[in-house]
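Asker:
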Amino acid sequence: MTDYVAPGQSGSKVTFKPRYDHWINGEYVKPDSGQYFENVTPVTGKVFCEIARGNAKDIDKALDAAHAAAKAWGKTSATARAIILNKIADRMEQNLEMLAVAETWDNGKPIRETIHADMPLAIDHFRYFAGAIRAQEGSLGELDEDTVAYHFHEPLGVVGQIIPWNFPILMAVWKLAPALAAGNCIVLKPAEQTPASIMVLMELIADLLPPGVLNVVNGFGVEAGKPLASSPRIAKIAFTGETTTGRLIMQYASENIIPVTLELGGKSPNIFFADVAAENDAFYDKALEGFTMFALNQGEVCTCPSRGLIDTKIYDKFLGDVTKRTQAVVQGHPLDLATMIGAQASNDQLQKILSYIEIGKKEGAKVITGGEQADLGGELSGGYYVTPTIFEGNNKMRIFQEEIFGPVVSVTKFDGFDNAMEIANDTLYGLGAGVWTRDTNTAYRAGREIQAGRVWTNCYHAYPAGAAFGGYKSSGIGRENHKMMLDHYQQTKNLLVSYSPNKLGFF
Amino acid sequence: MENPLRVELTETAEELLRKLTAIHGPLMFHQSGGCCDGSSPMCYTAGEFRVGGQDVKLGDLKVAGIQEPIGFWMSASQFEYWKHTHLTVDVVDGRGGGFSLESPEGKRFLIRSRLFTDQEWQILENQPVPTGAN
Chain A
1 MTDYVAPGQS GSKVTFKPRY DHWINGEYVK PDSGQYFENV TPVTGKVFCE
51 IARGNAKDID KALDAAHAAA KAWGKTSATA RAIILNKIAD RMEQNLEMLA
101 VAETWDNGKP IRETIHADMP LAIDHFRYFA GAIRAQEGSL GELDEDTVAY
151 HFHEPLGVVG QIIPWNFPIL MAVWKLAPAL AAGNCIVLKP AEQTPASIMV
201 LMELIADLLP PGVLNVVNGF GVEAGKPLAS SPRIAKIAFT GETTTGRLIM
251 QYASENIIPV TLELGGKSPN IFFADVAAEN DAFYDKALEG FTMFALNQGE
301 VCTCPSRGLI DTKIYDKFLG DVTKRTQAVV QGHPLDLATM IGAQASNDQL
351 QKILSYIEIG KKEGAKVITG GEQADLGGEL SGGYYVTPTI FEGNNKMRIF
401 QEEIFGPVVS VTKFDGFDNA MEIANDTLYG LGAGVWTRDT NTAYRAGREI
451 QAGRVWTNCY HAYPAGAAFG GYKSSGIGRE NHKMMLDHYQ QTKNLLVSYS
501 PNKLGFF
Chain B
508 MENPLRVELT ETAEELLRKL TAIHGPLMFH QSGGCCDGSS PMCYTAGEFR
558 VGGQDVKLGD LKVAGIQEPI GFWMSASQFE YWKHTHLTVD VVDGRGGGFS
608 LESPEGKRFL IRSRLFTDQE WQILENQPVP TGAN
């Protein structure tokens, strides 16, 4: 018996519908094709509901609804929108466990995480943007005594959002909250691996938003995502995913001359300078935990600290200590509160991770611990589990250069500050990084030197609203999780006004 | 020794490509990087993904029963880190992966890799790879 009862059994916090249609104009709408696809829980590998298989016609229907709602929604006051966002947050908070179980079942991540991280962060995100939009002001410039430039924030109108499967609700909320706060209407396409939990959320908050403001069309990327991303009826597209699809989305956006925000992942270095091991104290313990963060969310995080760079002076000791710590990560049933690492989100994801473990070995990297699929027995035997894995190798190996998106860290040593920076920046990506040191000067210099949008300094994997998140280099465009994201969902209207009765001088 | 191939297909991949060609017409691959469905080869109708001077073509995949060879592309910067490995496009059961054409079939293309042998690498090391600008 798990701490939380599995969906489908009596006493579960959540009851999934056997079948989910699209959410359009404030109600369920059957897919145009009449077709559905099966949705599997990665916990057991079994089907638990059916999901509407959307196509271009469904996307158009959702865009019709969004456009019909856009004018009125865009004209609601910031106060009114903030009140709605706060109500959404309250409703989610009142149903936190229900949403958490739904998310765990759809994605495979531990309930401990959905209860203590994913849902609280999502709730806070709505509150953050409720506050941010209330506090946002336009500006005026007094250009001369009689001429004033007024700057107003106006919503873009109808925007498209394509959501990844690693944090299905939280990543949706990162995009939804700023877009709604700014007064936009939305057509959202969840990931086809995790389409169900977002529908549970839609149903929960259905009465709080006017019909058409937020529409969800499920389906496969090529059948539903592509018509959304390439539609001339969206004013902006936001996407979290990988580089090839990111480029394709920019290509479509260029055809429509619309802006994009993209978050495309990374290969984040986690750097441990020698002084972290100067004492065996609370800070050293924190650094060991910081290293094991590669296993958080089964490694399925865009900023997974998947490259461990350890100062040569402490290499053997530190690697020994973090190996022990890694082996202490509890893998188990995602619905048990003690479980720290759950199931990978899908079979193909599992297979990809295993293929990377293979190439790592072929390239000569050494497996320090893990390196295999885990069979947790019973009903979990059908699920997708991988043992937390530490590889030792060098930064030119492919396991150091590609985001495996699994609980796999590749470790190498560095000799001195410059060498650490050289290895850290020798990557195509620049989303996250970790720096661990007791020396504030080293921490500051490293943080500024690393080409990444987020440098966690003496911490890792914290995602509070108010700290901008986004990539350098191939990791994407734009910054989420901060009020600056409002800019990505707004137009600037300038009224240039003359208060002078005198003519300009053409006559 | 014959010119070694940089990328090849498993039989199941060939079978799936025949099926996708019958539905969609001529195809291409572009290897993805980054998170989520990154590190996976994305399959599109030929020309859907615009390649340019920043992309390299690792090979033209020939499949029995398909007239047009299927170009396999990758960004040049990514290729710098991949060039010493031989790639095999395989298929696993799965779902999703950007806008790749196979997802509705319940399948996912997957890359399996090995190092080139010394003999292969001797031939390939200085061999130019065509870019999308050619």
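Same order as they appear, the protein sequences are chains A and B.
Just so it is clear: in the first sequence, position 346 is 346 by this note's numbering, and no numbers are missing.
Counting the second sequence from 1 gives a position; this note's numbering is that position plus 507.
Virtual Cβ for every residue (Gly too), placed ideally from N, Cα, C.
Name, going along the chain, the residues of the region 554-567 of chain B whose beta-carbon falls closer than 7 Å to a beta-carbon of chain A.
Answerer: The region 554-567 of chain B vs chain A, Cβ under 7 Å: F556 and R557.
Asker: Output yes if chain A places a C-beta closer than 8 Å to the C-beta of I618(B); else output no.
Answerer: I618(B) counts as touching chain A.
Asker: How many Å lie between G364(A) and Y588(B) at the Cα?
Answerer: Their backbone Cα atoms lie some 15 Å apart in a straight line.
Asker: Report the option in G406(A), R19(A), R81(A) and M98(A) whose CA atom is closest to the CA atom of R53(A).
Answerer: Residue R19(A) is the option with its Cα nearest to R53(A).
Asker: Would you kindly report the start and end of the unbroken alpha helix (DSSP H) that includes W174(A)?
Answerer: It spans P168 to A181 - the alpha helix (DSSP H) in which W174(A) sits, taken as one unbroken run.
Asker: Take the Cβ of V47(A) as the centre, count every other Cβ of all protein chains shown within 10 Å, and call the residue buried at 16 or more, exposed below.
Answerer: That one is exposed.
Asker: Go to R518(A), then tell me how far its alpha helix (DSSP H) extends in each direction, as first and last residue.
Answerer: Residue coverage of chain A in this structure runs from 1 to 507, which leaves residue 518(A) outside it and unanswerable.
Asker: Considering only their Cβ atoms, is the gap separating A553(B) from L534(B) smaller than 8 Å?
Answerer: Yes, these two residues count as a Cβ contact at 8 Å.
Asker: Can you tell me the Cα-Cα spacing of Q136(A) and G26(A), whole angstroms?
Answerer: Their Cα atoms are separated by approximately 28 Å.
Asker: Could you tell me which chain A residues have their CB closer than 7 Å to the CB of R615(B), listed as they occur along the chain?
Answerer: D348, listed in chain order.
Asker: Where do the N-terminal and C-terminal ends of the beta strand (DSSP E) with Q161(A) fall, by residue?
Answerer: Segment V158 to I162, the beta strand (DSSP E) holding Q161(A).
Asker: Does the region 448-463 of chain A touch the region 286-297 of chain A, meaning 3 or more C-beta pairs lie closer than 8 Å?
Answerer: Contact between the region 286-297 of chain A and the region 448-463 of chain A is present, because at least three Cβ pairs lie under 8 Å.
Asker: Which residues mark the beginning and the end of the beta strand (DSSP E) in which S620(B) is found?
Answerer: Its beta strand (DSSP E) spans residues K614 to L622.
Asker: Helix, strand or coil, according to DSSP, for T457(A) in the structure here?
Answerer: Strand.
Asker: Quick one: does I534(B) have its CB under 8 Å from some CB of chain A?
Answerer: Inspection of the sequence shows that residue 534(B) is occupied by Leu rather than by Ile. No - not a single Cβ of chain A is within 8 Å of the one on L534(B).
Asker: Just reading off the beta strand (DSSP E) that G526(A) is part of, what are its end residues?
Answerer: Residue 526(A) falls outside the range modelled here, since chain A spans only 1 to 507, and no answer is possible.
Asker: Any beta-carbon of chain A closer than 8 Å to the one on F606(B)?
Answerer: By this cut-off, F606(B) is an interface position.
Asker: Can a CB atom of chain B be found closer than 8 Å to the CB of A295(A)?
Answerer: Chain B contact via Cβ: absent.
Asker: For my contact list, I310(A) and K396(A) are in at a C-beta cut-off of 8 Å; report their separation, rounded to the angstrom.
Answerer: With a Cβ gap of about 17 Å, I310(A) and K396(A) do not count as contacting.
Asker: What does R398(A) reach in chain B if we use C-beta pairs closer than 8 Å?
Answerer: Here the neighbours are Y588, W589, T592 and S620.
Asker: Three-state secondary structure (DSSP) at S10(A)?
Answerer: Looking at S10(A) - three-state DSSP - the assignment turns out to be coil, as it is neither helix nor strand.
Asker: Less than 8 Å between the beta carbons of T194(A) and W165(A), yes or no?
Answerer: Cβ distance < 8 Å, so T194(A) and W165(A) count as in contact.
Asker: Are three or more beta carbon pairs between the region 274-290 of chain A and the region 443-452 of chain A nearer than 8 Å?
Answerer: They do not touch, by the three-pair rule.
Asker: So, for Y150(A): in the same chain, excluding its five sequence neighbours on each side, which residues have a beta-carbon less than 6 Å away from its beta-carbon?
Answerer: Excluding residues within five positions, the ones whose Cβ falls inside 6 Å are L140 and L495.
Asker: Between D625(B) and chain A, is the shortest Cβ-Cβ distance under 8 Å, so that the two count as touching?
Answerer: Chain A contact via Cβ: absent.
Asker: Within a Cβ cutoff of 6 Å, which residues of the same chain sit near P232(A), ignoring the five residues on either side of it in sequence?
Answerer: Here the set comprises N256.
Asker: Give a yes or no on whether 8 Å exceeds the smallest Cβ distance from P611(B) to chain A.
Answerer: Closer than 8 Å to some Cβ of chain A, the Cβ of P611(B) qualifies, so yes.
Asker: Let me confirm a value: V435(A) is counted as buried when at least 16 other C-beta atoms fall within 10 Å, else exposed. Which label applies?
Answerer: Flag for V435(A) reads buried.
Asker: Jot down the residue ranges of each uninterrupted beta strand (DSSP E) in the region 56-113 of chain A, minimum 3 residues, whole runs only, in chain order.
Answerer: Runs of the beta strand (DSSP E) inside the region 56-113 of chain A: none found.
Asker: Given a threshold of 16 other Cβ atoms within 10 Å of its Cβ, counted over all protein chains shown, does Y499(A) qualify as buried or as exposed?
Answerer: So Y499(A) counts as exposed.
Asker: Please identify the residue among D439(A), S355(A), K473(A) and Y472(A) whose C-alpha is closest to the C-alpha of T457(A).
Answerer: Among D439(A), S355(A), K473(A) and Y472(A), the Cα nearest to that of T457(A) is on D439(A).
Asker: Give the range of the alpha helix (DSSP H) segment to which F391(A) is assigned.
Answerer: Per DSSP, F391(A) belongs to no alpha helix (DSSP H); it is in the beta strand (DSSP E), T389 to E392.
Asker: Going by other Cβ atoms of all chains shown within 10 Å of its Cβ, with 16 needed for buried, is R615(B) buried or exposed?
Answerer: The residue is buried, with at least 16 neighbouring Cβ atoms inside 10 Å.
Asker: Rounded to the nearest angstrom, what separates A282(A) and G131(A) at their Cα positions?
Answerer: Cα to Cα, the separation comes out at about 36 Å.
Asker: In this structure, what does DSSP give as the bridge partners for C185(A)?
Answerer: Paired residue(s): V158(A).
Asker: Quick one: residues in its chain with C-beta nearer than 6 Å to the C-beta of S381(A), no 5 flanking neighbours on either side, listed in chain order?
Answerer: If we look at S381(A) and ignore the five residues flanking it on each side, its Cβ neighbours are D375.
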